[in-house]
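Data block below; observations after.
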Amino acid sequence: ARGALANHITFREDSMQPIRIAILAAAAGMIPGAAVQAVTLSNPVADGAIVLDDSRDDWNGLERYPDDGNESYPIDIGFITIAHDSSMLYIRYQMYHPSPTFSGNWKLLIDTDQDTSTGYHGQNSVYQDALGAEVMIEGASAFQFTGATQDAFSWNWMGFHGFSETGEGPNDIELAVPLSWIGNPQTFNFILWVDSNSDGGISDETLDDHLPNGAYGGSTATVHTYTLVPEPASLSVLSLGAMGLLRRRSA
22 ARGALANHIT FREDSMQPIR IAILAAAAGM IPGAAVQAVT LSNPVADGAI
72 VLDDSRDDWN GLERYPDDGN ESYPIDIGFI TIAHDSSMLY IRYQMYHPSP
122 TFSGNWKLLI DTDQDTSTGY HGQNSVYQDA LGAEVMIEGA SAFQFTGATQ
172 DAFSWNWMGF HGFSETGEGP NDIELAVPLS WIGNPQTFNF ILWVDSNSDG
222 GISDETLDDH LPNGAYGGST ATVHTYTLVP EPASLSVLSL GAMGLLRRRS
272 A
């Protein structure tokens, strides 16, 4: 599947600018077990370019996923931005209605093999047409799925990751997770699920927020996708190597 996806990746060479990628194979049904992808992005940055602190200036110029909309949920997702360097995955949550605390009510479900037939499908398999998650970033912890069945909530704790929260609530949270924890995939699908039941004793699942909103869409369920293309310096080296190979072949 990775080879098929690579044939549909378009790179932009303007240094350190976010790279928007169109991956058509999955949406067209060319990859078995693939969900419908809403938006695919990649934001490669230099090592150390993003620092977990009170400033968000290091996120300037990075492309975020579309506005989730102000839907008046108790904890209401606004935007998510994802970036990466050679060893870390960076995630930023921006909220319309913040959570009183950043805890287990935040669940980023990551489908590292982009195969809906494997991994966690959610309680009662609510995400079975959207993704099968191998990794979950829940609050300040990361987990790997170990369930015997796809709807079984069974996870192996991998460790705590770094995070920083600012604003009222907080309403702006950034995280840093080692890429090795998610298996260093070339690309992955994801859903952000904010569980209102974990905050303030609310038990109505209809008040849970999701990004993208189409995660509950049945056969038309949608996911967002992130691709870990090399950071620009590495792209330049790869380009030079490819040019040299072409020259040798044409000689």
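The sequence shown begins at 22 in this note's numbering and counts up by one. Built from N, CA and C at the ideal position, the CB exists for glycine as well.
State buried or exposed for residue i, treating a residue as buried only when at least 16 other CB atoms are found within 10 Å of its CB.
i: residue 35; result: Any answer about residue 35 is weak, because its pLDDT of 40 lies below 50 and its placement is not dependable; what the coordinates show is given next. Exposed, by the Cβ-count rule.
i: residue 97; result: buried
i: residue 104; result: buried
i: residue 248; result: buried
i: residue 72; result: exposed
i: residue 170; result: exposed
Is the beta carbon of residue j closer than 8 angstroms to that of residue i?
i: residue 181; j: residue 162; result: yes
i: residue 210; j: residue 135; result: yes
i: residue 90; j: residue 127; result: no
i: residue 243; j: residue 59; result: yes
i: residue 141; j: residue 212; result: no
i: residue 184; j: residue 123; result: yes
i: residue 245; j: residue 86; result: yes
Which one of the options has the shortest CA to CA distance from residue i?
i: residue 237; options: 158, 144, 91 and 79; result: 144
i: residue 138; options: 125, 130, 152 and 131; result: 152
i: residue 235; options: 150, 146 and 95; result: 150
i: residue 158; options: 233, 172 and 179; result: 179
Excluding the 5 residues preceding and the 5 following residue i in the sequence, name in chain order all residues of the same chain whose CB lies nearer than 8 angstroms to its CB.
i: residue 88; result: 99 and 100
i: residue 50; result: Unreliable placement is indicated for residue 50, whose pLDDT of 37 sits below 50; the coordinate value is still reported in the next sentence. There are no such residues.
i: residue 83; result: 39, 64, 66, 102 and 104
i: residue 108; result: 68, 199, 200 and 201
i: residue 77; result: 113, 187, 193 and 195
Hey, is residue i close to the ligand MG, as in C-beta under 7 angstroms from one of its heavy atoms?
i: residue 141; result: Looking for the ligand MG in the displayed structure turns up nothing, as the structure carries no ligands at all.
With a threshold of 7 angstroms on Cβ separation, who are the neighbours of residue i within its own chain once the five nearest residues in sequence on each side are excluded?
i: residue 214; result: 128, 130, 229 and 231
i: residue 133; result: 155, 156, 203, 204, 206 and 209
i: residue 167; result: 175, 176 and 177
i: residue 216; result: 126, 128 and 229
i: residue 70; result: 79 and 106
Starting from the C-beta of residue i, find all residues in its chain whose C-beta is less than 6 angstroms away, skip the five residues before and the five after it, and write them out in chain order.
i: residue 187; result: 75 and 193
i: residue 110; result: 198 and 200
i: residue 112; result: 103 and 196
i: residue 146; result: 172
i: residue 233; result: 59, 243 and 245
Exercise for review: For the stretch 135 to 186, list the beta strand (DSSP E) runs that are entirely contained and at least 3 residues long, ordered along the chain.
Suggested key: Entirely contained in the stretch 135 to 186, the beta strand (DSSP E) runs reaching 3 residues are, in chain order, 156 to 159, 162 to 166 and 176 to 181.
Check your understanding: For the stretch 57 to 115, which segments carrying the beta strand (DSSP E) assignment without a break, of at least 3 residues, lie completely within its bounds, in sequence order?
Key -> 57 to 63 and 97 to 105
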